Amino acid sequence: MMDARHRSHGCPRTWEVEAARDGRLRAKDVDSLVRHLVGCEVCRRRQDQLAALGAVLRDLPPAPDDLLAARRMRHRLFAEADQLVLQSPNKLRLRPWLIGSAVLVSSAAALVLALRVPGWLRSHAAPAATATAPVFASPLQVQVEAQEGAVWHRTQVGSQIRIDLETGEIRASVGARRAGESLVIRLPDGEIEDLGTVLTVRVEQGRTTSVRVFEGRVRLRLAGGNALELAAGDDWGAPPQPKPEPAPSCSTAAPDAAPRRRASASTRQERRAEAATESPRKQDPAPSAEATTNPQQGREEDEAYLHMVALMREHRLVEARAAARDYLLRFPKGFRREEVLGVATSVGR
Amino acid sequence: MTQARRASIAPAATDQEALAALAGGDISALGTIYDRHRTSVVQFVARAVSNHADVEDVVHATFMTAMKAAGSFDGRESCRPWLLGIAGRLVQRRRRTLLRFARAMGELMWHETRTAVDPAHQLGARDLVGRVSTGLQRLTEAKRVVLLLAEVENLSCHEIARALEIPVGTVWTRLHHARKELSQLLEEADV
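Here the protein sequences come in this chain order: A and B.
Mind the numbering: the first sequence is residues 643 to 991 in the working numbering, read in order.
Mind the numbering: the second sequence is residues 117 to 307 in the working numbering, read in order.
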């Protein structure tokens, strides 16, 4: 057996090349191999082959990793970390049981749906759908109604459901979610992260033109703009596209790149936000989406938020309120804006 | 007081300090670790999992596990090998869980936009990188994780053994078989 292997490789010491690479040889054996390599073509070829294999593996193209995904993952990580810290020990003990139950229930639901809706898969075989009625239900309980002519399709990426809307209008209704589940509607110029809601979204000519939220909340992220949270009753419309004009003079207002809300969208929460951040917005524009992805920026934001939380835990409510306002002044569109707004407007009353 | 509190949550200079702070309940240190090592972990996981839909979940689980296990970090200068070890174990473990079954069921139902064979992948398989990439996906996850940690992440076999909590002999065996299978592909490509 051994002889056959040696004959096939042409040198009985070929195995030592790989062994040396993996740190399996003692120092004196490595020295011996180095001397052997000078005169052995077969072992040198094996060495080159292993080096080439490593080089090709290192040269494999990197996985795509976009800024929006990075932001979403960071937000998800901190949300779960917060939840974990605030959980009581009793709840922590229940988690494995709850997770197991959730898995069994979702498996059973998937099986029942697969058996009861046999024609469903066929109706979704096309790469893009143009449906006009509720089309599917999943463990996440997502229902999509598409207006005539809407072009969209859907994928399940891990525990996340993605709906890619190319053009037209769809209405999405999202039921209760389990931990880790999420729905993201990807648009030609951004994405909407669902936070448990019913909404409609319209895309025209590769551009998001309107988002209406009927229940719950969504987070809208458009390329080149900051994340915008829309709550029930909000009706977001895209600003008119800037006409091609000569470069504006200093006195001319620059076109508003960030999405604007219509007058009907001003909810109580939004009025609070505007009251808390009115003055800094006039003087100092909010950090851009890119700035928010900056690790340093993110760290400062985390620190400001955690400082406020620490004060809350110590029941130093007046200082917590001041810290919340400080956060809003520094990060008017930060990830924790909503939670901080609650503190800024309620603590100490 | 405020100044002192702010100083206590200043960004940690080293991974060791950050993980010590995290173990002590300072969640901001999680952001420090995440910002430093997210890219490495994402790239490793993207190569290690056979289903790319799992990447985001595995990366998320890696950092959550790191947060829970921060106290057990052995104090090396960089926690990158430690994080990659967690990610590697999650990749292997994920395959065995019921969650995967549930997800597979889900994907069976909602597979409308994916094709069974990626055309770009087929085209890429004509060249060397494509062959290796295809071969990598054909390896078992256990072999693939070890090979990537050794050849791409440059961890020693002992580091891999410690990170994955397996005997070093197992690392050597998996590495040998993984290379053998991939070398056949390289030979076919006349390299």
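Cβ coordinates follow ideal geometry from the N, Cα and C atoms, glycine included.
Since we're looking at a predicted model, the values are computed, not measured.
### Task
Check distances from the C-beta atoms of the stretch 286-303 of chain B to those of chain A and list, in chain order, the residues that come in under 7 Å.
W288, L291, H292, R295, L298, S299, L302
### Query
Beta carbon of A/A788, beta carbon of B/V158: below 8 Å?
no
### Query
Taking the alpha-carbon positions, what's the A/L710 to A/V960 distance?
35 Å
### Beta-carbon neighbours of B/H176, restricted to chain A and to distances below 7 Å
M715, R718, L719
### Task
State the beta-bridge partners of A/D877 as determined by DSSP.
A/R854
### Message
Between the alpha carbons of A/H957 and A/M950, how many angstroms are there, rounded?
### Response
11 Å
### Task
Consider the Cβ of A/P704: report whether some Cβ of chain B lies at a distance smaller than 8 Å.
yes
### Message
Just to make sure I have the definition right: I need the residues of chain A whose C-beta is within less than 9 Å of the C-beta of B/C273. Which are they?
### Response
D664, G665, R666
### Query
Is A/L862 helix, strand or coil when you go by DSSP?
strand
### Query
Under a CB-based cut-off of 8 Å, is B/T95 close to chain A?
Here chain B comprises residues numbered 117 to 307, so residue 95 of chain B is not present and cannot be evaluated.
### Query
What separation, rounded to the nearest whole angstrom, lies between the Cα atoms of B/D131 and B/E193?
7 Å
### Task
Find the nearest neighbour of A/D806 within the set A/I827, A/A750, A/V816, A/C653, judged by alpha-carbon distance.
A/I827
### Message
Once DSSP output is grouped into helix, strand and coil, what is the label at B/E281?
### Response
coil
### Query
How many Å lie between A/P1005 and B/R260 at the Cα?
Limits of chain A in this structure are 643 at one end and 991 at the other, which puts residue 1005 of chain A out of reach.
### Query
Taking Cβ to Cβ, would you say A/A986 is nearer than 8 Å to A/L970?
yes
### Query
Nearest chain B C-beta to A/E945 closer than 8 Å, yes or no?
yes
### Query
If you draw a straight line from the alpha carbon of B/T231 to that of A/T797, how long is it in whole angstroms?
The pLDDT assigned to B/T231 is 39, lower than 50, so where the model puts this residue is not dependable; a value taken from the coordinates is nonetheless given after this. So the alpha carbons of these two residues sit roughly 11 Å apart.
### Task
Could you name the residues of the same chain whose beta carbon sits closer than 6 Å to that of A/R849, not counting the 5 residues immediately before and after it, in chain order?
D831
### Task
Check whether the Cβ atoms of A/S852 and A/D836 sit closer than 8 Å, and answer yes or no.
no
### Query
So which residues of chain B does A/R941 contact, with C-beta pairs closer than 8 Å?
P127, S144, G147, T148, D151
### Query
Does DSSP classify A/H957 as helix, strand or coil?
coil
#### Entry: A/D944 beta carbon less than 8 Å from that of B/G141
no
### Query
Is the CB of B/S249 under 8 Å away from at least one CB in chain A?
yes
### Query
Are the C-beta atoms of B/E172 and some chain A residue less than 8 Å apart?
yes
### Reduced DSSP category for B/E269 - H, G, I as helix; E, B as strand; rest coil
coil
### Query
Using a C-beta to C-beta distance shorter than 7 Å, which residues of chain A count as neighbours of B/F179?
L719
#### Entry: Integer Cβ distance of A/L872 from A/V855, believed to fall under 8 Å
5 Å
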